[in-house]
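This report concerns only the one structure given below.
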Amino acid sequence: MMMPARLNSIAARIAVAIVLAIVLGLLAAIGLSLVVSYYGYAQSGADDGARTHVMISKSNFAVINSRGNAMMLSGRIAVIIRSVASVPRSRQQSIVAGVAEPDMQVSLDAPARSDTVTGVDENLDRLRELVQIQLETMSPPIRVSARRVSVDDQGPGGPDHSNQTSGGAAVIEAALPDGRRITVTIANYPMGAGYGLILLLISIVVVAGLVSAWTARRLAAPIREFASAAERLGTDLTAPPLTLRGPQELRATIEAVNRMQLRLQRFLEDRTQMLAAISHDLRSPLARLRLRAELVADGEQQRKMFDDLEAMNAMIESTLAFAHDNARQEPRTLVDLGVLVGDVCEDVEDAGGKVSYSERRGIDVPCRPTLVRRAVANLIDNAVKYGGHARVNIVHHTDRVVIIVDDDGPGIPSEEQEKVFAPFYRREPARDPAKAGVGLGLSIARTVAREHGGDVTLKNRDGGGLSALIELPA
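All residue numbers in the sequence shown are consecutive under the numbering used here, ending with 1087.
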C-alpha cells in the first residue's frame, strides 16, 4: 500500500518520530512510576498503608501514590487539624483516636522530641506550606510548623525497612486556638522533591534518543544506498536503474538520476554509432583514392600517397575497432587481472615484441575484460614501439590496482604528458615511418580506465624512460 506523498516526506517522518518519542516517553514514565512505587513503597513498607492507585476514566488517566502525593497528604492533614480544632476540648481525643492510621500517627500535647534531623528538606517544606495554605481561612489563624525526626526500628508503623532512603519521619505540628498542640507524624516520609519529574525527564530522554536513532537509521539507509548506487553509476553507465525507495524527496532525486542515466546512455550510443558510421563511410573514398594513386606516374609521390592512405586506413580501423568493442556493451565480470595481463604480454611476445612481466595471480577485479585487455595492450605496444622493451608489473593496494608499464625510451616532456591523450595527437619524433601510429592508443586506454572508475597517467622515470600507469578500482 502506497503512502500519500505528504505523509512520506522527510518532514512528516521527523514529525511522527517526535510525537512517537513523546508518547513512548510518557508511557515509560508511567511504567517506571508504577514499578518504583510498587517496589519502593508497597514492598518496603507493606503494612504502612501507602498504596499506588491507577485511576482511569473517559477523560483522565492518573497514577497516584497516597504517600508521595503532597497535595493529597496535605489535604488529609488539614482536614484532621480542622476537625480537632472545631470541636470542644472534651471530644478532641476521640477524634484523634478515630483518624489515626498506620502510616500517620496523630497525637495531642505529645512530648517534644530531641532527635530532630537538621538540613534542607524541600519536600517537607512544600508539605508544610500546602497545609498552611489550607488553614488560612480559619479564625483565629493556625500556624503550622514542620520538622524531620529519626525513626526507631520499633517506632510507629512497625519496623523501618527504608530508614536509609526515606530520611526519617515527618512531623507536622499546629497550635490549636484553645492552646493545645496537635502533632501529625508520617513515618518514612521521602526526602527531596520526589522521583516523578526525574523519572519523566529520564524516560523522555532515553526513549527520544532510541526513537531518534531508529528514525535516523531508517532515513539514512536509503540515502547510503543512493550514494553507493550513484558512485557506481559514475563508473558504469550500464548499471541497472536505481530502485525507488525512501522518503518522497529521495524518490524524486532517484527518478532524476535514472532519467539522467538514460539520457547519457542514449548520448553515448548515438556518439559511438555516428563515429562508426563516419569511419565506415570513409572507406569508399579511400578505396577510390587508392585506385587513382595507382595511376600516378611519379614513383615518389605515389609512395607518399600510399603512406598517407595507409595511415588514414589505420585510423579508421582503430576507430571502428574501439566503437565495435564499446557498442557490444560487454557485461562486467570478475576477472583475474594478473592472468589477463599475462595473456596480453604473451600476445605481444608472439608478435616479436620484448616484454618482461612480474607475473601475479589472484588479483580479482570486476571489469569489462575485452576493453581492459585493449587498454593494457595499447600501453604495452607503445612501450615496445618507442622504448624497445616493456616491463610490466602489478601493484595491489587496498582499494585499487595499478598496472605499471615501464620502457627505456626518451620519455615525454611534462608539458606534453596530457596532450598525448588527445585523440589523433602524435608528437613529432613519433612520426617515424618505422614507428607509425594513429594517436588513439593512449586516448582509448584512458577512456577505458575512466569508464571503470580509474585513470591512466604518465610520468618520466628518474633513470630515463617512461612509466605508464593504468589504475582500476579493486
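For every residue, glycine included, the Cβ atom is placed at its ideal position computed from N, Cα and C.
Can you give me the C-alpha to C-alpha distance between residue i and residue j, rounded to a whole angstrom?
i, j, result
"Gly782", "Thr798", "Gly is not the amino acid found at residue 782; the sequence shown has Ala there. Between Ala782 and Thr798, the C-alpha separation is close to 7 Å."
"Gly658", "Arg702", "Only weak support exists for where Gly658 lies, its pLDDT of 45 falling under 50; the value from the coordinates is given anyway. Those two C-alpha atoms are separated by around 34 Å."
"Ala843", "Ala634", "33 Å"
"Asp960", "Ala990", "9 Å"
"Leu640", "Val819", "12 Å"
"Thr828", "Arg845", "26 Å"
"Met928", "Ile623", "54 Å"
"Asp722", "Gly822", "55 Å"
"Ala865", "Pro944", "28 Å"
"Leu1055", "Leu992", "7 Å"
"Leu743", "Arg831", "49 Å"
"His893", "Leu902", "15 Å"
"Gln886", "Ala1058", "20 Å"
"Ala734", "Asp716", "Checking the sequence, you will find Asp at residue 734 rather than Ala. Each residue's Cα considered, the two are about 20 Å apart."
"Ala833", "Arg761", "55 Å"
"Ala710", "Val719", "8 Å"
Give the range of the alpha helix (DSSP H) segment to which residue i is assigned.
i, result
"His893", "Gln861 to Asp894"
"Gly1054", "Gly1054 to Glu1064"
Under the DSSP definition of a beta bridge, which residues are partnered with residue i?
i, result
"Val797", "Val719 and Ile785"
"Cys980", "Thr946"
"Leu1082", "Ile1017 and Thr1070"
"Glu913", "Note: Glu913 sits in no beta bridge, so no partner."
"Glu749", "In the DSSP output, where bridge partners are listed per residue, Glu749 has none listed."
"Glu714", "Met717"
How would you write the range of the beta strand (DSSP E) that residue i sits in, first residue to last?
i, result
"Ile1007", "Ala1003 to His1009"
Once DSSP output is grouped into helix, strand and coil, what is the label at residue i?
i, result
"Ile836", "helix"
"Asn926", "helix"
"Ser969", "strand"
"Arg974", "coil"
"Val757", "strand"
"Val700", "coil"
"Glu907", "coil"
"Glu844", "helix"
"Gln705", "helix"
"Arg830", "helix"
"Ile631", "helix"
"Pro1046", "With a pLDDT of 47 at Pro1046, under the threshold of 50, the modelled position of that residue is not reliable, and the figure given next carries that caveat. Helix at Pro1046."
"Phe919", "helix"
"Tyr802", "coil"
"Ala1087", "coil"
"Leu814", "helix"
"Ser898", "According to the sequence provided, residue 898 is Pro. The question's Ser does not apply to it. Reduced to three states, the DSSP call for Pro898 is helix."
Between residue i and chain D, is any beta-carbon pair separated by less than 7 Å?
i, result
"Ala927", "Although the question refers to chain D, the structure presented lacks it and comprises just one protein chain."
- Message: For the segment 852-871 against the segment 879-892, do three or more pairs of beta-carbon atoms, one drawn from each stretch, fall closer than 8 Å, so that the two count as touching?
- Response: no
- Task: Would you check if the segment 1005-1023 and the segment 975-992 touch, i.e. whether three or more CB-CB distances between them fall below 8 Å?
- Result: yes
- Is the segment 742-751 in contact with the segment 690-709, if contact means three or more CB pairs nearer than 8 Å? yes
- Query: Does the segment 834-842 touch the segment 862-870, meaning 3 or more C-beta pairs lie closer than 8 Å?
  - Reply: yes
- Query: Three or more beta-carbon pairs under 8 Å between the segment 1022-1032 and the segment 1066-1085, yes or no?
  - Reply: yes
- Count the C-beta pairs between the segment 996-1004 and the segment 949-968 that are closer than 8 Å, then say yes if the count reaches three, no if not. yes
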